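Asks: Protein chains in written order, with the numbering used here: chain A, 1 to 477; chain B, 1001 to 1528; chain C, 2001 to 2106. Structure below; questions to follow.
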Ligand SMILES: [Zn+2]
């Protein structure tokens, strides 16, 4: 029986998080606005209007292109892609065709087996979004609010080999987009959209078979499910001796099924030509370098460095570089702490990230600063507080923004290491529990832990437990 | 002489001296319109009667209320001692291809007949901000597609004030007719292949096509986006200079409006032509066109056209200009074929947006689905000329023909541009300051004589279209009256952004011919 | 004249252009198109150097005269309702058009 492998390419549309649209001064985001309220003569395609390119769109696209290791073109051009659709008010989309903003590039995907899949990028260009339409009782309702929202279209080579890899690509892309701050990359809000081209071939073959295109997949799970279903279907078809036809498929999220869409126009019918209303876009070195000054260390680079520089396991490094401000938080905390980075990592993965998840915040939004975290760890190391106090302090500092030492002082949270105070409580405990004292003295020495617990309970957790144990053992001797 | 026949500069002088009011100036224009314009163009004109054939029909929409309010505002400012603006009190018309907020903006097409623009085109806004009075929106060829105005969906179409049996030219026919007939003092037109200069020549007025990008296109309903230029139409060179002064300059709404400072066009206007090098080209004294069998025929322009040009050259030489003969402009003849391709590709795309969804006309017929709505709307809304441009644009831009036609036409455009580069190169062989040519190969033709033959109609632009391909500025000024009693236009062309120089040369010529007898002749409609 | 627009090409163009034509109009337009094509074919005879570049705008746009790009500042258009008011059919802020034709899905 033949073993098959999937050949998958993804076409992604990324909504840039600029303030305004690509060619007019309407705001880019109208998620909460009533229909057709965030429009102007330009984006609603009135007769006589002209596009004026938003500088921030170019800058964000350049940043993304650089992060994708793509070659930024010193000259690129805008073209008109002509077609009729009611969500396209001008009857053409302003896009880039043969002279895009960037060429080439790739994104590396670390795979679960420790290897790495390099996914090449064919083309990266900027274009305007269309509006939205919806069906209602045999009519179409049209909203132009989204017209002119800036998009970057990025098309990968057919380098992905499974539904999981496709999902991984989107996860890594989303991470990168947020890391760079160029897109909110929220698939539910269509900030990140994806069409998948899927074909199969016998494993190891080097030719390409006819592919199908899956449209309308708007979550990472949906991408994984839809591609997996389509791979299964194609294998079934081929096994049954049928040919795969170049269909366009639509993913119906509710039913979890793929449906065939009607054949779309061929590319020749778009009659691309240069947009005469816009000039050639020149990105000279000075401008480019100015933009790239803001290019941060990329997630995978930082992940590698965390492993090498801080000796973190891959698991820790991956988690801590999942989001840019988290990774920066970690490094600041390590620096302020000065001790074992792994200890900082443990506290972040166990406690800080739980706090983030529970409150849906990013590390940058915490009131608990990296310096606070470092200070708490130091208090713990010096024996000033115990572990449970330290954990409680995280929440208290985050809630109040006060320095940990201040809270410790105000609330008297420091471990009681005053010999006489602990000795008094120890004596009390022993007096109150003669039966247990009897047992202990009879040889049941494991009861020492229970006595320590009683002391701690009476002292509200503040006692230094090792000191308490020492005194109890002395008194019981 | 009535106020409406005075030059803008004279009206403004009288106005500032408080000898007349803006309201009086406007009243004079409105009275003239009432007397000679006849009924405005409409979609349901009925029969064209005897009277219709004697009147001008420049207008589609009269905006007299708007103009009255503007005139009152000017008078109020004057009374208060405030500066009323650089075009205060000057009545002007706007080719109905510019959006003006709150007015019907039709492009002379059924498909936009009920469109009320929600915003104002930059050049119109600039004129209104300087106190000019917008009298109305004037007729044109449908979407500017023509050289006679006969293709307008709004009939009766404009007629030539010099002889109402003749076309006014086009596509800015309503603009030139309104200015020639004293219905307005200035008009804002557009020029894609000669649409300002050709009708200006036909109607004996001054028409200036500025450098591409010198005047913002924002609000101009696009035809050939890489060719379209808004520009002034006036009865004298000084008025054209004053108007250009106001409308020229960069605009944040137009990415192709060059960031070049606007010169003071009036400062050098009277500086004369001494020492200027003005060229004549044999390639502008003939036209080349295909006959019925597709064979190319070369024909000299009529003798009296060449004579008018040579007479102008003589006058300029007398004033100290150096006349350079035999400047080669060998690619002039390719202007029309290249234009057939480039303008159609752009036009077809620009017309995509008229689909019955957002504005304008939507079919009244019952439709099964969206595609049928598109088809019926566009079939009923567009006249034959837009349809022709759409189909040709679609054909020549299809991927398999793009190299053969569109890319090739764009490269031929490079050759046309090079002709001008070589002629105007300050270090080159010719070092011209301007090229002097006839504006058109004929005087205004009779209504119906050419209309319908889309090829012959296009060849009327053969001497004007090269400047559009090259982007350079050109001006047409009255250069005499032909034996058929109709105006002849002569054209000056100059290098990029050399409008000041063009106006200065045109003004020198205008001054030199002030005493010539043809200057005293008046359009026929004003003689009744 | 090796190449003319034949009837089936013409019909395809009409379809792409979202038009429909009466027979008389179709006849006129097809004839004029072919006449124009004759004129356009003059371009084919022009010898062009292989490296002759295209010209998109006649005027060269050097960096010093090219307008700067727009800064990313929000300036809302204050009359979106005037835009909507031009629509042949609108309801509750939406533009309305007839449904888009679709084939039945399997
Ligand atoms: Zn907008």
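Where is the CB? At the ideal position from N, CA and C, for every residue including glycine. It should be emphasised that the depicted structure is a prediction, and the values quoted were computed from it without experimental measurement.
Say whether chain A places a C-beta atom closer than 8 Å to the C-beta of residue 2106 (chain C).
Replies: Its pLDDT being 43, under 50, residue 2106 (chain C) is placed unreliably by the model, and nothing is read from it.
Asks: When the distance is taken between beta carbons, is residue 100 (chain A) closer than 8 Å to residue 2056 (chain C)?
Replies: Going by C-beta atoms, residue 2056 (chain C) is not nearer than 8 Å to residue 100 (chain A).
Asks: Less than 8 Å between the beta carbons of residue 198 (chain A) and residue 231 (chain A), yes or no?
Replies: Closer than 8 Å, so yes.
Asks: Should residue 1002 (chain B) be labelled buried (16 or more other beta-carbon atoms within 10 Å of its own) or exposed?
Replies: With fewer than 16 Cβ atoms within 10 Å of its Cβ, residue 1002 (chain B) is classed as exposed.
Asks: Do residue 408 (chain A) and residue 414 (chain A) have their CB atoms nearer than 8 Å?
Replies: In contact: residue 408 (chain A) and residue 414 (chain A) (Cβ atoms closer than 8 Å).
Asks: List the residues of chain B that residue 1953 (chain C) touches, going by C-beta distances under 7 Å, in chain order.
Replies: Outside the shown range of chain C (2001 to 2106) lies residue 1953 (chain C), about which nothing can therefore be said.
Asks: On the CB-based measure, 16 or more other CB atoms within 10 Å of its CB, does residue 438 (chain A) come out buried or exposed?
Replies: The residue is exposed, with fewer than 16 neighbouring Cβ atoms inside 10 Å.
Asks: To the nearest angstrom, how far is the alpha carbon of residue 320 (chain A) from that of residue 397 (chain A)?
Replies: Straight-line Cα distance between these residues: approximately 21 Å.
Asks: Can you list, in chain order, the residues of its chain with a C-beta nearer than 7 Å to that of residue 482 (chain A)? Leave out the 5 residues immediately preceding and following it.
Replies: No answer is possible for residue 482 (chain A): the residues shown for chain A start at 1 and end at 477.
Asks: For residue 1520 (chain B), does the count of other Cβ atoms within 10 angstroms reach 16, so buried, or fall short, so exposed?
Replies: Classification of residue 1520 (chain B): exposed, given that the 10 Å Cβ count is below 16.
Asks: Go ahead and pull the three-state DSSP assignment for residue 1212 (chain B).
Replies: Reduced to three states, the DSSP call for residue 1212 (chain B) is coil.
Asks: Relative to the C-alpha of residue 258 (chain A), which candidate in A:217, A:160, A:46 and A:158 has its C-alpha closest?
Replies: Nearest option by C-alpha distance: A:217.
Asks: Would you say the beta carbon of residue 1376 (chain B) comes nearer than 7 Å to a heavy atom of ligand 1?
Replies: Incorrect: residue 1376 (chain B) has no Cβ contact closer than 7 Å to ligand 1.
Asks: Residue 2096 (chain C) lies in the beta strand (DSSP E); which residues open and close that run?
Replies: Where residue 2096 (chain C) is concerned, the enclosing beta strand (DSSP E) stretches over 2094–2098.
Asks: Expressed to the nearest angstrom, what Euclidean distance is found between the alpha-carbon atoms of residue 138 (chain A) and residue 2094 (chain C)?
Replies: Looking at the two C-alpha atoms, the distance is approximately 15 Å.
Asks: Are the Cβ atoms of residue 78 (chain A) and residue 52 (chain A) separated by less than 8 Å?
Replies: Contact flag unset, no.
Asks: DSSP three-state label for residue 136 (chain A), please.
Replies: Here residue 136 (chain A) sits in strand by DSSP.
Asks: Tell me whether residue 1095 (chain B) is buried or exposed, calling it buried when 16 or more other Cβ atoms sit within 10 Å of its Cβ.
Replies: Classification of residue 1095 (chain B): buried, given that the 10 Å Cβ count is 16 or more.
Asks: Under the assumption that residue 1504 (chain B) contacts residue 1271 (chain B) (Cβ atoms under 8 Å), give the Cβ distance between them as a whole number of angstroms.
Replies: With a Cβ gap of about 6 Å, residue 1504 (chain B) and residue 1271 (chain B) count as contacting.
Asks: Leaving out five residues before and five after residue 74 (chain A) in sequence, what residues of the same chain have Cβ atoms less than 7 Å from its Cβ?
Replies: The residues are 282, 283 and 284.
Asks: For the alpha helix (DSSP H) that contains residue 2007 (chain C), what are its first and last residues?
Replies: Per DSSP, residue 2007 (chain C) belongs to the alpha helix (DSSP H) from 2007–2016.
Asks: Residues of chain C with CB closer than 7 Å to the CB of residue 32 (chain A), please, in chain order.
Replies: Those within 7 Å of residue 32 (chain A) in chain C number zero; the least Cβ separation is about 14 Å.
Asks: Between the alpha carbons of residue 2007 (chain C) and residue 1482 (chain B), how many angstroms are there, rounded?
Replies: When rounded, the distance between both Cα atoms is 45 Å.
Asks: On the three-state DSSP scale, how would you describe residue 114 (chain A)?
Replies: Correct three-state label for residue 114 (chain A): coil.
Asks: Identify every residue that forms a DSSP beta bridge with residue 1220 (chain B).
Replies: According to DSSP, residue 1220 (chain B) bridges with B:1098.
Asks: Use the C-beta contact count for residue 265 (chain A): other C-beta atoms within 10 angstroms, 16 or more gives buried, fewer gives exposed.
Replies: Because residue 265 (chain A) carries a pLDDT of 45, less than 50, the predicted location of this residue cannot be relied on, and the following value inherits that uncertainty. Residue 265 (chain A) is exposed by the Cβ-count criterion.
Asks: Relative to the C-alpha of residue 325 (chain A), which candidate in A:340, A:337, A:344 and A:179 has its C-alpha closest?
Replies: For the residues A:340, A:337, A:344 and A:179, the minimum Cα distance to residue 325 (chain A) belongs to A:179.
Asks: So what does residue 216 (chain A) bridge to, in DSSP terms?
Replies: According to DSSP, residue 216 (chain A) bridges with nothing at all.
Asks: Alpha carbon to alpha carbon, what distance is there between residue 127 (chain A) and residue 29 (chain A)?
Replies: Distance between the alpha carbons of residue 29 (chain A) and residue 127 (chain A) is about 16 Å.
Asks: With distances taken from each beta carbon to the nearest heavy atom of ligand 1, which residues come in below 6 Å, in chain order?
Replies: Here the residues come out as A:21, A:24, A:26, A:39, A:40, A:42, A:43 and A:148.
Asks: Where does residue 316 (chain A) sit, in a helix, a strand or coil, going by DSSP?
Replies: Three-state result, residue 316 (chain A): helix.
Asks: Would you mind reading off the limits of the alpha helix (DSSP H) that contains residue 310 (chain A)?
Replies: First-last of the alpha helix (DSSP H) with residue 310 (chain A): 299–310.
Asks: What's the gap between the Cα of residue 1106 (chain B) and the Cα of residue 1446 (chain B)?
Replies: Residue 1106 (chain B) and residue 1446 (chain B): Cα-Cα distance of roughly 26 Å.
Asks: What did DSSP end up calling residue 481 (chain A) once you bin it into helix, strand or coil?
Replies: The structure shown does not extend to residue 481 (chain A), since chain A spans only 1 to 477, so no value can be given for it.
Asks: In the structure shown, what three-state DSSP assignment does residue 2001 (chain C) receive?
Replies: Here the model assigns residue 2001 (chain C) a pLDDT of 40, short of 50, so the residue's position is not dependable, and the following value carries that caveat. Coil at residue 2001 (chain C), not helix or strand.
Asks: Going along chain C, which residues have a C-beta under 8 Å from residue 142 (chain A)?
Replies: Within chain C, the residues near residue 142 (chain A) are 2094, 2095, 2096 and 2097.
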